[in-house]
Amino acid sequence: FTSRIAIERLEHISGDDLSIPDLRSPIDLAIVERAAALFAPLGSPRGWHARFGRELNATEDRASLTEYGDGLPVFEGKHIEPFKADTALTRWRISSDAADRLLGRRHHHTRLAYRDVASATNRVTLIAALLPAQAASTHTLFCLKTALPVRSQQVLCALFNSLVLNYLVRMRVTTHVTTALVERLPVPTEEQLTHVADDLRNAAQRLARSHDADIFGRLNAQVAQLYQLREAEMVHVLSTFPLIGLAEKEATLRWFRSLEG
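Written out as structure tokens, the structure is:
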């Protein structure tokens, strides 16, 4: 697939940095352009105005960390998977006083986090979960810095882990899912989600407890509907995830057709 993209179109889909997504077919271009037309970037004042950043650095802050002792758990990227943050896996601890000194009060609150390191060839690329309050994280996670209610963060968690958002991220990622990339993603605001916000929130809560192909499929179908994907486009998106199970793909298409009807 070879196409010339005018500067104006590139500005529309990539913003001021004019980065060129990995568009491999006319379908890719159509989906990307439509997403940019429908929704403001996540970090935009017109959107969620969301900002992400790192917390602790495992090397620079090593003196404040202890292994498996008392204190607050410290999450690393490998301790989260889609929708789930597993405190039982954490190795490092930090005292409340040290966390207050290094982080202020951000660790006192639940916050959305996603893995920094990922690849477009992994099962999924944008991996997000809510970190519990009274916990910290290292530089292998990016955490939400913007104050948002937990209910809103659960909605964002559902959107982040959807295959549609992962598909959009994969067009731009190499080995790091940067904050600049995530904050440029076109993401529907809560006002644009009124009819499905509760469904997405509930799906994120249920999938945090246990994976269910049907629930995940319905979530994917609802997000695809938000982005106004046609069935051929939905099939194309699913084809770009070779490591996603057949049951999840079939559930997504089944729900997609049901919601279209």
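Numbered per the working numbering, the sequence shown spans residues 759 to 1019.
All C-beta atoms, glycine included, are put in the ideal place defined by N, C-alpha and C.
When the beta-carbon positions are compared, Val931 and Leu943 stay at least 9 Å from each other. The DSSP-derived three-state label of Ile838 is strand. By the criterion of at least three beta-carbon pairs nearer than 8 Å, the segment 847-858 is not in contact with the segment 906-913. Looking at the DSSP output, Val832 bridges to Trp850, Ala894.
Runs of alpha helix (DSSP H) with 4 or more residues, each lying fully within the segment 943-1015, are found at 955-967, 971-984, 989-997, listed in chain order.
DSSP places Arg869 in the uninterrupted beta strand (DSSP E) bounded by 869-873. Look at Thr817 here: in three-state DSSP terms it is coil, with no helix or strand label.
By the CB criterion at 9 Å, Val945 and Gly805 fall inside the cutoff.
Within the same chain, and ignoring the five residues on either side of His994 in sequence, the residues whose Cβ sits closer than 7 Å to its Cβ are Ile785. Annotation for Gly975: Glu1006, Ala1009, Thr1010, Arg1012, Trp1013 place their beta carbon closer than 7 Å to its own, counting only its chain and skipping 5 residues before and after. In the DSSP assignment, Ala916 falls within the alpha helix (DSSP H) that extends over 908-919. Boundaries of the beta strand (DSSP E) harbouring Ala886: 886-889, taken from the DSSP string. Within the same chain, Cβ atoms closer than 6 Å to the Cβ of Ala971 are found at Ala1005, Glu1006, Ala1009, the five residues on either side in sequence being excluded. By the C-beta density criterion, Tyr985 is buried, having at least 16 other C-beta atoms within 10 angstroms. Ala843 is bridged by DSSP to Ile838. DSSP places Thr824 within a strand segment (E or B) once states are collapsed to three. For Tyr826, the closest alpha carbon among the candidates Leu917, Arg928, Trp850, Leu899 is that of Trp850. Looking at the DSSP output, Phe900 shares a beta bridge with Tyr872. Assignment of Pro803 by DSSP, reduced to helix, strand and coil, places it in the coil class. By the C-beta density criterion, His953 is exposed, having fewer than 16 other C-beta atoms within 10 angstroms. Closest option to His934, judged by alpha-carbon separation, among Leu884, His969, Ala808: Leu884. A check of alpha carbon separations from Gln963 across Glu941, Pro799, Arg928, Phe841 identifies Phe841 as the nearest.
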